[in-house]
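In terms of the working numbering, the sequence shown is residues 1 to 591.
Ideal placement from N, C-alpha and C gives every residue a C-beta, glycine not left out.
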Amino acid sequence: MDRWTDGRMDGRTDGEHLHQFKVKFKRTDRKTYTIDCDQPRSVLDAIKSHVNYKNMFQQVSDKNIIIQLGREDKATVIATHFPCSCIEEGECLIISQKQEQVEEIKQQHYQPVSARASYSVFYIDSLGGLNTKTKELFRSKAFRQYKYLCVYGVKGMTVEEAVNNDGRFVDDLGDFTLSDNENPDTLTNCKQRVDSLHHKEFKICLPLNKRENDEKGQESPGASSEAQHKRGPSAILEAAQQSGVSVKEVLEKRSDYNTEEVYKILREQFPELKKQMQSRFTGDSFQKALTLRKENFGKIQQSFSEVHRVRKLLDLGRSVCNLVIENECQGTGFVLFDNFILTNAHLFKKCVEGEKLPERINVFALFNYEEPEPQSKFYNFSCKKDLVDLDLDLDYAVLELNPDGRKHNLNSQKSKMTVPPGLLEIFGPVPQNGEACLIGHPRGGVKKMDPTCIIEKERREEAVLEHLNLYKDDPFVIKTIIKLISDQGIENIMMGGSKADDTATYNTFMYHGSSGSPVFDAHCHVFGLHSAGFTYEFTNNTHSVLEYAHPLLAIFENFVSKLRRKGDDKLLKRVEEKAKKNEYLRKVLEP
C-alpha cells in the first residue's frame, strides 16, 4: 500500500511554507482543531502553539507524548520531532500521553526542518520479524497497540542513523536488517541508505547470534559471557584480557577458581615479559628517565606560571573552536587565517565524499565556549560543504566558514560576529625538547589548557616504560597494554620507525574531542596539530600511553603544494600575504 496516496501523505510540492493540519487532543473527542503552520518546525512544536495544548499538556514532558497519524484506529504513530513538511495538508493527528517514557529526547529534536523532498519516510511494523520474539524493540510497550511506527531520515542517511535518531527504539538493536512486508525475502541492511525505502513497510529482523548474545548477557553479565562459562585459570586470564580489567578484579567476581594456580601462571609469564620490556633499556636508563621527567615537570610549572605567558596563550586561544560534526562526532579546530580553519582529517573519515560533505552533514565551529551552560556565551559559524583541503596521511583538513556567525545567547546585545585572528602567522618548528601547551575542547566540553613537555624521540620508549611501571604488580595488565598499543602502531613513532621524525610526542589528559587542537611551545609559537594517542580502556576509563601531533610546517608545505597543483592562484596569493612575515613559512614558499 502506498501510504503517500492513501490519505496520509500527498504529493504536495513545497512552495510557500504555510499549510494547515488538524489535531484531536483526545481520542474520544469529536472535535478537531486546526493548526496553522507558518514556519518549518517539528509537528509537536507546531501543535504546542495551540491554546488547548497549553491547557491540557503543559505539565507533560515531550518524552511522554504519542502522536497518531491519521484517523484510522491505532494504525500509525510518528515521533514528536517528525517534520511538519511531511504532514499532508488537512491531515488529522491525535495526541495522547503516557505515564512512562515513550521517546528519548535526542539531538534530532533540535535539527532544522527541511523541505519534504529532502526526506525518505518509511514504516516499521510493531510486530518484529525474524529472531525478535525474545527482544524488546521499542522503549515502551505502548507501541504494541499500533500497527506501524512511521520513521523518517534525511536522504543520504543510513537506516541505522534514522532509527537511532528516532528515539522510540531501544539503543542496542545491533546489526539489524529490514524485511519488506510485501516481499519478506527482500532484506535491507541497517548500513544502507534510506533513500530507496520511501513509502515502504518493513519488519525489523535480528541476526541469530544477536538474540543468543542478549540471552547470555542476561544470564551472566560481566567481563565476557564466553570466558565466564569456562573453567580454570585460563578462563580467568581470558576474561581479564577481554574486559581490560585486572586479574584481581576478575578473581573477586568468580567463585570457581584456584587463586594460587592463577598466580602461578602469572609468575611463570612475568620473567619473560620483564625481560622483553627491559631488553631495550640498559643500566639505569629507566631511573634516569624518571628523574628527567620530574625535572621537566618542574620546568613546565615554572614556565606556564608566568602571567605574561598565560595571558598571551589565553589571547591566542580565542582562535580555538569546538568543532561539531552533526550526527557524527566532535573535535577541536583553530583559525588558520581569514575564514579558514584547520582541524584533523580523521574527524570526517566516515562522512566525507571526496572533499565534499553530504547535504545531511552540517559542521559548526563554536568560538568562546569557555563557560558551561547556562552561563556560556559562545557564538558559532557554519562550515561550507566543500572542504578546501583534506589529507589523511598528515591527518589535516582545511574548512571555510560561512561569513554570518550567530550568538548562542540570543538575549545578549546584537552585534556582528567576526572570526578571531588566525594562527598561521605564528607557525614554528617542532622543538627538540622543552615545554608545550595544548588548548582544546576535550569531550566537546569547555575550552581547556594542558601544559606538558615534549618527549624526544630518543626517549619515547622510556616514557612508555614509565607508564607501564604503574602496573608493575600486575604483569598481565602490562602484557595486555603492550598488545593493544602495538596493534595501534606505536612502533612507527619509535626510533627507527617510519614516522619517528614526522611527529611530536608528549603526554596530555586531553583525549576524545581534542583532536585538532593547536600545540604551542614555550615562546607561544604554534608548532603542532594534535591528532591522537595510543590508548586503552582500564577500569571503565580511557588511558593513554603517549600522544602525538603532526608538525604544522609539514602540513603547511603540503597545503601550499596542493594549491599550486590545483591552480588556485587566488587562495595561494592570500596565503602568501599572510605568511610573508614568518621566516619559516617564507622558506616553504620559496620556489
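Presumed contact (8 angstroms Cβ cut-off) between residue i and residue j, rounded CB distance
{"i": "Asn131", "j": "Leu208", "result": "6 angstroms"}
{"i": "Asn507", "j": "Glu547", "result": "6 angstroms"}
{"i": "Asp386", "j": "Glu359", "result": "Their Cβ separation, rounded to whole angstroms, is 12 angstroms, which puts Asp386 and Glu359 out of contact at 8 angstroms."}
{"i": "Val588", "j": "Val560", "result": "6 angstroms"}
{"i": "Ser517", "j": "Gly440", "result": "3 angstroms"}
{"i": "Leu366", "j": "Asn344", "result": "Leu366 to Asn344, Cβ: 16 angstroms. No contact."}
{"i": "Leu390", "j": "Val352", "result": "7 angstroms"}
{"i": "Leu401", "j": "Cys383", "result": "6 angstroms"}
{"i": "Gln39", "j": "Gly90", "result": "Gln39 to Gly90, Cβ: 19 angstroms. No contact."}
{"i": "Phe176", "j": "Leu206", "result": "6 angstroms"}
{"i": "Leu423", "j": "Ser319", "result": "5 angstroms"}
{"i": "Val102", "j": "Lys155", "result": "Wrong, their Cβ atoms sit about 27 angstroms apart, outside the cutoff."}
{"i": "Val163", "j": "Leu173", "result": "7 angstroms"}
Buried/exposed call for residue i, threshold 16 Cβ in 10 Å
{"i": "Leu596", "result": "This structure leaves residue 596 out entirely; the chain is present only between 1 and 591."}
{"i": "Gln330", "result": "buried"}
{"i": "Val307", "result": "exposed"}
{"i": "Gln59", "result": "exposed"}
{"i": "Asn469", "result": "exposed"}
{"i": "Ile454", "result": "buried"}
{"i": "Phe337", "result": "buried"}
{"i": "Asn55", "result": "exposed"}
{"i": "Gln432", "result": "exposed"}
{"i": "Phe486", "result": "Inspection of the sequence shows that residue 486 is occupied by Ser rather than by Phe. Under this definition Ser486 is an exposed residue."}
{"i": "Glu371", "result": "exposed"}
{"i": "Ser498", "result": "exposed"}
{"i": "Thr539", "result": "exposed"}
{"i": "Ser61", "result": "exposed"}
{"i": "Arg443", "result": "exposed"}
{"i": "Arg564", "result": "exposed"}
{"i": "Gly567", "result": "exposed"}
{"i": "Gly153", "result": "buried"}
{"i": "Lys451", "result": "Sequence check: residue 451 is Pro here, not Lys. It is buried - the Cβ of Pro451 has at least 16 other Cβ atoms within 10 Å."}
{"i": "Phe509", "result": "exposed"}
{"i": "Arg139", "result": "buried"}
{"i": "Asn541", "result": "exposed"}
{"i": "Thr188", "result": "buried"}
For residue i, the three-state DSSP class (helix, strand or coil)
{"i": "Val464", "result": "helix"}
{"i": "His441", "result": "coil"}
{"i": "Asn205", "result": "Checking the sequence shown, residue 205 turns out to be Cys, not Asn. If DSSP states are grouped into helix, strand and coil, Cys205 belongs with the strands."}
{"i": "His50", "result": "coil"}
{"i": "Arg116", "result": "helix"}
{"i": "Glu491", "result": "helix"}
{"i": "Met56", "result": "helix"}
{"i": "Thr343", "result": "strand"}
{"i": "Ala397", "result": "strand"}
{"i": "Ser42", "result": "strand"}
{"i": "Lys188", "result": "First, the residue type needs correcting, since residue 188 is Thr and not Lys in the sequence shown. Three-state result, Thr188: strand."}
{"i": "Thr28", "result": "coil"}
{"i": "Cys84", "result": "helix"}
{"i": "Phe476", "result": "helix"}
{"i": "Glu212", "result": "Legend: pLDDT at Glu212 = 41, less than 50; position of this residue unreliable, no value from coordinates given."}
{"i": "Met277", "result": "Here the model assigns Met277 a pLDDT of 48, short of 50, so the residue's position is not dependable, and the following value carries that caveat. Helix."}
{"i": "Ala436", "result": "strand"}
{"i": "Ser486", "result": "helix"}
{"i": "Asp604", "result": "Since the first residue of the chain shown is 1 and the last is 591, residue 604 is not available in this structure."}
{"i": "Glu353", "result": "strand"}
Bounding residues of the alpha helix (DSSP H) (the contiguous stretch that carries residue i)
{"i": "His198", "result": "Run containing His198: none; DSSP gives neither H nor E here."}
{"i": "Ser140", "result": "Ser140 -> no alpha helix (DSSP H), and no H or E assigned at all."}
{"i": "Tyr584", "result": "583-589"}
{"i": "Val154", "result": "Per DSSP, Val154 belongs to no alpha helix (DSSP H); it is in the beta strand (DSSP E), 148-154."}
{"i": "Leu314", "result": "307-316"}
Start and end residues, beta strand (DSSP E) containing residue i
{"i": "Ala365", "result": "363-367"}
{"i": "Asn164", "result": "That residue, Asn164, is in no beta strand (DSSP E); its alpha helix (DSSP H) goes 159-166."}
{"i": "His609", "result": "Past the edges of the chain, shown from 1 to 591, lies residue 609, and the structure says nothing about it."}
{"i": "Leu93", "result": "92-97"}
{"i": "Val324", "result": "320-325"}
{"i": "Thr452", "result": "448-453"}
{"i": "Val102", "result": "Premise fails: Val102 is in no beta strand (DSSP E) and is neither H nor E."}
{"i": "Leu173", "result": "Premise fails: Leu173 is in no beta strand (DSSP E) and is neither H nor E."}
{"i": "Gln68", "result": "65-69"}
{"i": "Val380", "result": "Inspection of the sequence shows that residue 380 is occupied by Asn rather than by Val. Where Asn380 is concerned, the enclosing beta strand (DSSP E) stretches over 379-382."}
{"i": "Gly428", "result": "Note, Gly428: premise wrong, no beta strand (DSSP E); not H, not E."}
{"i": "Thr76", "result": "76-78"}
{"i": "Ser179", "result": "177-180"}
{"i": "Tyr471", "result": "Segment: none, Tyr471 is in no beta strand (DSSP E) and carries neither H nor E."}
The ligand PLP heavy atom lying under 7 angstroms from the CB of residue i
{"i": "Val310", "result": "For the ligand PLP, the structure offers nothing, since it holds no ligand at all."}
Just to confirm the assignment: which complete beta strand (DSSP E) runs, minimum length 3, are found wholly within the stretch 500-576? 504-506, 518-521, 526-538, 541-551
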